[in-house]
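A.B. asks:
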Amino acid sequence: MAVLKYEEIAESLRARIAAGEFAPGDTIPSGRDLAEQWAVSRATAIKAVDVLRNDGVVVAKQGTGFVVTDTPVARPAGARRSGSARILGGMPYLRIGTPDWSEPPARVAAALGLSSGVQALRRIRVLQLPDGTPNSCVEAWFPPEIAESAPRLADTAPIAEGTTRYVRRQTGRFPVEGVDVTTVRLATDAEADRLGVATASAVAVLLHTAYDQAGRPLVCEEGVTPSVFFEQVDTYAM
Numbered sequence: 114m115a116v117l118k119y120e121e122i123a124e125s126l127r128a129r130i131a132a133g134e135f136a137p138g139d140t141i142p143s144g145r146d147l148a149e150q151w152a153v154s155r156a157t158a159i160k161a162v163d164v165l166r167n168d169g170v171v172v173a174k175q176g177t178g179f180v181v182t183d184t185p186v187a188r189p190a191g192a193r194r195s196g197s198a199r200i201l202g203g204m205p206y207l208r209i210g211t212p213d214w215s216e217p218p219a220r221v222a223a224a225l226g227l228s229s230g231v232q233a234l235r236r237i238r239v240l241q242l243p244d245g246t247p248n249s250c251v252e253a254w255f256p257p258e259i260a261e262s263a264p265r266l267a268d269t270a271p272i273a274e275g276t277t278r279y280v281r282r283q284t285g286r287f288p289v290e291g292v293d294v295t296t297v298r299l300a301t302d303a304e305a306d307r308l309g310v311a312t313a314s315a316v317a318v319l320l321h322t323a324y325d326q327a328g329r330p331l332v333c334e335e336g337v338t339p340s341v342f343f344e345q346v347d348t349y350a351m
């Protein structure tokens, strides 16, 4: 699928930030400057900046414009209901290690429809509270056909246009349904280390699976949150 102009501009800005041309706290070019540089309308330039803002790469600073953030922002697994902003509930996060191919846990493999022994691409992040305390860790698993068609998923750096937009552009597939299953169990050694809690601490586990327009799984995320931080509130008519 063709790259739209605003996506091309956003991608260029993201590459310049990744290369160190704009360090955390630096101001990126204004919408007017970008419009002149790329010979596009100001609306297109602003849309490109919005991509970076929604991805947590830049934030608005009064009297300055948009500045590069110290850390990227992501949302916990699940709760991605239609109509909500992509950054809703966003938190600073740290990417753990390098995305790798591995055999997913049985529940994830079942959600992705993978047979035993089949590997998927895994991306791990730890979401943080304002004081830097780990809030939750998320393992995102992409089935082989998605990961192979969207090779940048294997990169450590955030994808400026957003993972969903990138996957759609590469594959033509996009999420239309999400299924969230919440359970409780004890943290594994690896999860306890990432979250800074005692081994075998009680944790809530949210298994989020996104399905495309043909009902095929696009990604399965397993979000793990220490019990002290987990609360679910539902409001509904009676």
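Counting from 1, position 33 in the sequence shown corresponds to residue 146 in this note's numbering; the numbering is continuous, with no gaps. All C-beta atoms, glycine included, are put in the ideal place defined by N, C-alpha and C.
(1) Within the continuous beta strand (DSSP E) that includes glutamate 335, where are the two ends?
(2) Can you tell me where the alpha helix (DSSP H) holding glutamine 150 begins and where it ends?
(3) With glycine 280 as the anchor, note down where its beta strand (DSSP E) starts and where it stops.
(4) Please confirm whether leucine 227 and proline 205 have their CB atoms less than 8 Å apart.
(5) Please go through the segment 215-296 and give each complete beta strand (DSSP E) segment of 3 or more residues, from N-terminal end onward.
(6) I'd like to know if the segment 309-324 and the segment 290-297 are in contact, where contact means that at least 3 CB-CB pairs between them fall below 8 Å.
(7) Indicate the three-state DSSP secondary structure (helix, strand or coil) for threonine 157 in the structure shown.
(8) Buried or exposed, going by whether 16 or more other CB atoms sit within 10 Å of the CB of aspartate 168?
(9) Beta carbon of threonine 276, beta carbon of threonine 211: below 8 Å?
(10) Using the rule of at least 16 other Cβ atoms within 10 Å of the residue's Cβ for burial, across every protein chain shown, is proline 243 buried or exposed?
(11) Going by CA-CA distance only, name the one from Arg281, Cys250, Ile122, Gln232 that's closest to glutamate 335.
(12) With a threshold of 8 Å on Cβ separation, who are the neighbours of arginine 238 within its own chain once the five nearest residues in sequence on each side are excluded?
(13) State whether the segment 306-317 contacts the segment 327-334, with contact taken as three or more CB pairs (one from each stretch) at a distance under 8 Å.
(14) Could you spell out the range, first to last residue, of the beta strand (DSSP E) harbouring aspartate 325?
(15) Report the rounded CA-to-CA distance for alanine 136 versus proline 288, giving the unit in angstroms.
(16) Can you tell me whether tyrosine 279 sits near the ligand NAP, meaning its C-beta is under 7 Å from at least one heavy atom of the ligand?
(17) Please state whether the Cβ-Cβ distance between proline 217 and leucine 225 is less than 8 Å.
(18) If proline 339 and valine 318 are in contact, beta carbons under 8 Å, what's the gap, nearest whole angstrom?
(19) Would tyrosine 119 and alanine 173 qualify as a contact pair, given that the criterion is a beta-carbon distance under 8 Å?
(20) Measure the C-alpha to C-alpha separation of alanine 260 and threonine 182 and round it to an integer number of angstroms.
C.D. replies: Judging by the given coordinates:
(1) For the purposes of this step, residue 335 is identified with residue 222 of the sequence shown, where counting begins at 1. Element bounds for glutamate 335: 330-339.
(2) As a first step, residue 150 is located in the sequence shown; it is residue number 37 there, counting from the start. 144-151 is the span of the alpha helix (DSSP H), which, as asked, contains glutamine 150.
(3) Numbered from 1 along the sequence shown, position 167 holds the residue referred to as residue 280. As written in the sequence, residue 280 is valine, which differs from the glycine given in the question. Premise fails: valine 280 lies in the alpha helix (DSSP H), 276-284, not in any beta strand (DSSP E).
(4) Indexing the sequence shown from 1 puts residue 227 at position 114. Indexing the sequence shown from 1 puts residue 205 at position 92. No, the Cβ-Cβ distance between leucine 227 and proline 205 is not below 8 Å.
(5) 233-241, 247-255
(6) yes
(7) To locate residue 157, count along the sequence shown from 1; it is residue 44. DSSP places threonine 157 in helix when its eight states are reduced to three.
(8) Within the sequence shown, residue 168 is the residue found at index 55, counting from 1. That one is buried.
(9) Walking along the sequence shown from the start, residue 276 turns up at place 163. Walking along the sequence shown from the start, residue 211 turns up at place 98. Cβ atoms of threonine 276 and threonine 211: not closer than 8 Å.
(10) Residue numbering aside, residue 243 sits at position 130 when the sequence shown is read from its first letter. By the neighbour-count rule (16 or more Cβ atoms within 10 Å), proline 243 is not buried but exposed.
(11) Along the sequence shown, read from residue 1 onward, the residue named residue 335 stands at position 222. Nearest option by C-alpha distance: Cys250.
(12) Working through the sequence shown from its first residue, we reach residue 238 at position 125. For arginine 238, where only same-chain residues beyond five positions count, the Cβ hits under 8 Å are Ala187, Tyr206, Leu207, Arg208, Ile209, Cys250, Val251, Ala253.
(13) no
(14) Taking the first residue of the sequence shown as 1, we reach residue 325 at position 212. Where aspartate 325 is concerned, the enclosing beta strand (DSSP E) stretches over 315-325.
(15) Working through the sequence shown from its first residue, we reach residue 136 at position 23. Working through the sequence shown from its first residue, we reach residue 288 at position 175. Their backbone Cα atoms lie some 33 Å apart in a straight line.
(16) Among the components of this structure there are no ligands whatsoever, and the ligand NAP is therefore not found.
(17) As a first step, residue 217 is located in the sequence shown; it is residue number 104 there, counting from the start. As a first step, residue 225 is located in the sequence shown; it is residue number 112 there, counting from the start. Contact: yes.
(18) Taking the sequence shown and counting its residues from 1, one reaches residue 339 at position 226. Taking the sequence shown and counting its residues from 1, one reaches residue 318 at position 205. About 11 Å; that fails the 8 Å criterion.
(19) The residue you call residue 119 lines up with position 6 of the sequence shown. The residue you call residue 173 lines up with position 60 of the sequence shown. No.
(20) Position 147 of the sequence shown, counted from the first residue, corresponds to residue 260. Position 69 of the sequence shown, counted from the first residue, corresponds to residue 182. Each residue's Cα considered, the two are about 28 Å apart.
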